[in-house]
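Structure, as structure tokens:
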Amino acid sequence: MDPLKALTTATAHDVDTPTQIRENDLKQAAQQFEAIFLRNMMKEMRKVNELFDSKDNPLNSDATRLMQGFYDDKLCDQLASHNGIGIAAMIVKQLSPGPGK
-14 MDPLKALTTA TAHDVDTPTQ IRENDLKQAA QQFEAIFLRN MMKEMRKVNE LFDSKDNPLN
46 SDATRLMQGF YDDKLCDQLA SHNGIGIAAM IVKQLSPGPG K
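What follows is the structure in structure tokens.
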């Protein structure tokens, strides 16, 4: 088949419509927002936990805090991508055009 003809005869299933792209972008942005929210919440919880840490604790080191930071980042990203606490779903629902709009 001629490549030019293949491009001009593309069906709706072959090409994402602007609405589908917008929905995907909205979902991705909502998940990223939820991940940032969860990350900030985890950071504040870790700060409170540091108040109770003993100075003699071998797990109370800069290296441990760095690894906890990496772990928290990955955990928050995973939680947000798997419906987390529901913030992303609420954002998508609120900002998506409804059938009557």
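The sequence shown begins at -14 in the working numbering and counts up one residue at a time. Positions of the beta carbon are idealized from the N, C-alpha and C atoms, including for glycine.
Rounded Cβ spacing between residue i and residue j (contact assumed at less than 8 angstroms)
i, j, result
"ASP57", "ARG24", "6 angstroms"
"ALA15", "ILE76", "4 angstroms"
"PHE22", "ILE72", "6 angstroms"
Simplified DSSP state of residue i, which is helix, strand or coil
i, result
"ASP47", "helix"
"LYS40", "coil"
"ILE21", "helix"
"PRO3", "helix"
"ASN9", "helix"
"ILE70", "coil"
"GLY83", "coil"
"THR(-4)", "Low local confidence applies: a pLDDT of 49 at THR(-4) is under 50, so the model's placement there is unreliable, and no value is given."
Length of the line joining the Cα atoms of residue i and residue j
i, j, result
"LYS40", "THR49", "13 angstroms"
"PRO82", "PHE55", "36 angstroms"
"ALA65", "MET26", "13 angstroms"
"ASN45", "ASN68", "32 angstroms"
"LYS32", "GLN63", "22 angstroms"
"GLY4", "LEU80", "The amino acid at residue 4 is misidentified as Gly; the sequence shows Thr. Using only the alpha carbons, I get a separation of about 13 angstroms."
"ASP47", "ASN34", "15 angstroms"
"CYS61", "ASN9", "20 angstroms"
Residue i beta carbon near the ligand ATP (any heavy atom closer than 6 angstroms)
i, result
"MET26", "As far as ligands go, the structure on display features none, and thus does not contain the ligand ATP."
Buried versus exposed call for residue i [16 or more other C-beta atoms within 10 Å across all chains shown]
i, result
"GLU19", "buried"
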